[in-house]
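Here the sequence shown stands for residues 153 to 571, numbered as in my numbering. Notes for the one structure printed next.
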Amino acid sequence: MPKNISKEEALEYHIGGKTEMVVKKACNTQRELSLAYTPGVAIPCVEIDKDIELAYKYTNKANLVAVITDSTAVLGLGELNPVAGKPVMEGKAVLFKKFAGVDAYDIELDERDPDKIIEICRALSPTFGGINLEDIKAPKCFEIERKLQELVDIPVMHDDQHGTAIITTAGLINAMDLTNKKIENLKIVISGAGAAGISCAKMYKSLGAKHIVMIDSKGVISNDRDDLNIYKKEFAIDTTDKTLEDAMKNCDMFLGLSKAGLLSQEMVKSMNPSPIIFALANPTPEIFPHEVKEVRDDVIMGTGRSDYPNQVNNVLGFPYIFRGALDVRAKKITENMKMAAAIALSDTAKNCKVPSKVKNAYNQGDVCYGKEHIIPTPFNRDAFVAVSAAVAKSAVEDGVARVKNFDYDKYVEKLNRMK
Numbered sequence: 153m154p155k156n157i158s159k160e161e162a163l164e165y166h167i168g169g170k171t172e173m174v175v176k177k178a179c180n181t182q183r184e185l186s187l188a189y190t191p192g193v194a195i196p197c198v199e200i201d202k203d204i205e206l207a208y209k210y211t212n213k214a215n216l217v218a219v220i221t222d223s224t225a226v227l228g229l230g231e232l233n234p235v236a237g238k239p240v241m242e243g244k245a246v247l248f249k250k251f252a253g254v255d256a257y258d259i260e261l262d263e264r265d266p267d268k269i270i271e272i273c274r275a276l277s278p279t280f281g282g283i284n285l286e287d288i289k290a291p292k293c294f295e296i297e298r299k300l301q302e303l304v305d306i307p308v309m310h311d312d313q314h315g316t317a318i319i320t321t322a323g324l325i326n327a328m329d330l331t332n333k334k335i336e337n338l339k340i341v342i343s344g345a346g347a348a349g350i351s352c353a354k355m356y357k358s359l360g361a362k363h364i365v366m367i368d369s370k371g372v373i374s375n376d377r378d379d380l381n382i383y384k385k386e387f388a389i390d391t392t393d394k395t396l397e398d399a400m401k402n403c404d405m406f407l408g409l410s411k412a413g414l415l416s417q418e419m420v421k422s423m424n425p426s427p428i429i430f431a432l433a434n435p436t437p438e439i440f441p442h443e444v445k446e447v448r449d450d451v452i453m454g455t456g457r458s459d460y461p462n463q464v465n466n467v468l469g470f471p472y473i474f475r476g477a478l479d480v481r482a483k484k485i486t487e488n489m490k491m492a493a494a495i496a497l498s499d500t501a502k503n504c505k506v507p508s509k510v511k512n513a514y515n516q517g518d519v520c521y522g523k524e525h526i527i528p529t530p531f532n533r534d535a536f537v538a539v540s541a542a543v544a545k546s547a548v549e550d551g552v553a554r555v556k557n558f559d560y561d562k563y564v565e566k567l568n569r570m571k
C-alpha cells in the first residue's frame, strides 16, 4: 500500500463502486418513451439488420469497450475469486472515460478455460466497439488475445502486455536520445518473463534491439534450459550467464517486471555508463530511485509509482489507443498502431511547453524534457491528442479502418476540442 493511502481510505473510496450508467437521450414524455423503446426502437433494429455497420451510427457500439478478465493475474495479487477483480476492472472503466471519453463496461468471468473464454468474448463482441483484456495470466493470455482477434472484427488488446511495452518503448526512445545510445548496441536485461515482459521484449526487437537477456524465476532464459514454453523460447540465448547478477554486468538497460528489492546497488554499479532503469514492480519497485542515486548519478530511471519521476502508467496508453481505434472503427490493433503510440508519447515528452495545470497536478515547478521527464505525465492532455491521432492515422494506413476519407487534420482539431 502506498504510504499516503490507508486501507480505510481505499475502502471508503470504493463503497458503492466507481461507475454508473448515464442516459444520453431525453426520456421524460410519452413520445420520448416511445422513441427510446417501443415502438420507435424497431426502426433502427430493422435498419441495422439490413446493414450491421449501422450499429456504429444508431447504438453506443462506436464508443463502448468491454473490460474483460478472469481474475487470474490481478495486479500483484495473483489469482483471485473472479468477482474480486471487479474493483480493478471498474477502475479501468473510470480511466477510459476520464482520460479519453470512452465508455467502458467491466465483465468478470467465472471461467478459467482459455477456449471457453475466447468463445464467451466472441459471443459478446457484437455489443462492443473494442475489447480490453485485463489481468489474465501468462501464457494463456497470449493465445486468448491472438485467437480472439482472429474471430472478431473489433480491436482486441490485452493491456497488461501491450500497455507497458508501448510506454516503456517511448521512455527508451527518449532515454537513448538523451544518452546518445543506439538501440542495436544496447544490452537489455528484462527481469520477469510474463505477459508484460515478453511483450516489451517483442516491441524492443521491433525497435531494433539485438541483445535482450530475459530472466524468469529460475534464472536467465537460455538455450540450455529444457523447461521453457514457446513464448519464452523465442528469447532463449546462448550465454554463460545464469543469474540476474551475471546478466547485469555491462548492461545498458534494466526492465523490472518482477518483485520488490530484486535489484541491488552492486548490480547497478556493474552497469554500463548512463544506464536506463525501469523498476516497475508495484507498489515497491525492484530498487528505489534514492538507492540508485546513492551509488551513481548518471542513471535515467522510471518506476510504476506516481511519487517519482518518469512514472510508467498504462493510462498513457490504453484509453488513447482505443480512442483512436474506435474513431476510425478499426477492426484490430496492429503492431504499427502500437509503435505509432509509443513514438507519439516520446514526442509529447520532448515538448517542453508543459501546461501549468500539469505542473500544478504534480506540485512541480518545472516539468521539462530531460532525465526526469522522458515520459509524459498522465494529466498532460497533449498525450491524449498525439496518441489518439497517431493510432487512428496508422489504422487507416494499415488498412484496418472502416471509415472512409479520413481527414487527419480535422480529427486532430476534434481531439483538441475534447482535451
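The beta-carbon is built from N, C-alpha and C at its ideal position, and this holds for glycine as well. No experiment lies behind these values; they were computed from the predicted model shown.
Query: Neighbourhood of F558 by C-beta distance below 8 Å, restricted to the same chain and skipping five residues each side; Result: V480, A544, K545 and V548
Query: Contained beta strand (DSSP E) runs [length at least 3] in the segment 289-314, N- to C-terminal order; Result: 308-310
Query: With 16 other Cβ atoms within 10 Å as the buried cut-off, status of N568; Result: exposed
Query: CB of I288 within 9 Å of CB of I269, strictly; Result: yes
Query: Of the residues P528, T224, M366 and Y189, the one placed nearest A178, counting alpha carbons only; Result: Y189
Query: At least three beta-carbon pairs within less than 8 Å, the segment 287-303 to the segment 326-342; Result: no
Query: The beta strand (DSSP E) enclosing L261, as first and last residue numbers; Result: L261 -> no beta strand (DSSP E), and no H or E assigned at all.
Query: Reduced DSSP category for D368 - H, G, I as helix; E, B as strand; rest coil; Result: strand
Query: Cα-Cα separation between S158 and K384, rounded to whole angstroms; Result: 38 Å
Query: Distance between E443 and M453 (C-alpha atoms, nearest Å); Result: 11 Å
Query: Proximity of F406 and S343 at Cβ, strictly below 9 Å; Result: yes
Query: DSSP three-state assignment for M153, whether helix, strand or coil; Result: Because the pLDDT at M153 is just 46, under 50, the model does not fix this residue reliably, and the value given afterwards should be weighed accordingly. It is coil, neither helix nor strand.
Query: Unbroken alpha helix (DSSP H) run spanning G282, endpoints; Result: It is not in any alpha helix (DSSP H) - G282 instead sits in the beta strand (DSSP E) that spans G282 to L285.
Query: Alpha-carbon spacing of L285 relative to A492, whole angstroms; Result: 21 Å
Query: Euclidean distance between Cα positions of V564 and G243; Result: 27 Å
Query: Same chain, Cβ closer than 8 Å to M153, five either side skipped, listed in chain order; Result: Summary for M153: the model assigns pLDDT 46, below 50, so the residue's position carries little reliability; its value from the coordinates is reported in the next sentence. Excluding positions up to five away in sequence, the list reads K159, A162 and P435.
Query: Which residues DSSP lists as bridging I220, in chain order; Result: I259 and L285
Query: Alpha helix (DSSP H) segment containing L163, residue limits; Result: K159 to H166
Query: Neighbour-count burial assignment, T395, 16 or more Cβ in a 10 Å radius; Result: exposed
Query: Secondary structure of V455, DSSP reduced to three states; Result: The question names Val, but residue 455 is Thr in the sequence shown. In this structure, T455 counts as strand in the three-state DSSP scheme.
Query: CB contact flag (N466, G315, <9 Å); Result: yes
Query: Residue range of the beta strand (DSSP E) that includes F251; Result: Element bounds for F251: not the beta strand (DSSP E) but the alpha helix (DSSP H), K238 to A252.
Query: Which of helix, strand or coil DSSP assigns to K562; Result: helix
Query: Bridge partner(s) assigned by DSSP for K339; Result: H363
Query: Distance between V341 and N462 (C-alpha atoms, nearest Å); Result: 19 Å
Query: For A496, the first and last residue of its enclosing alpha helix (DSSP H); Result: E487 to K502
Query: Closest residue to D390 among H363, I527 and A496 (Cα-Cα distance); Result: H363
Query: Burial state of G346 (16 or more Cβ within 10 Å); Result: buried
Query: Anticipated Cβ contact below 8 Å, F536 with V217, distance rounded; Result: At roughly 16 Å, the Cβ-Cβ gap does not stay under 8 Å, so F536 and V217 are not in contact.
Query: A482 - partner residues in DSSP beta bridges; Result: A553
Query: Contacting residues, own chain, Cβ-Cβ under 8 Å from G488 (five flanking each side not counted); Result: Checking the sequence, you will find Asn at residue 488 rather than Gly. Excluding residues within five positions, the ones whose Cβ falls inside 8 Å are S546, E549 and D550.
Query: Straight-line gap, Q313 to L227 (C-alpha atoms, nearest Å); Result: 13 Å
Query: Assigned secondary structure, S374 (DSSP; H/G/I helix, E/B strand, else coil); Result: strand
Query: Length of the line joining the Cα atoms of D255 and S540; Result: 15 Å
Query: First and last residue of the uninterrupted alpha helix (DSSP H) at L187; Result: Q182 to A188
Query: Outcome for A252 when other beta-carbon atoms lying within 10 angstroms are tallied against a minimum of 16; Result: buried
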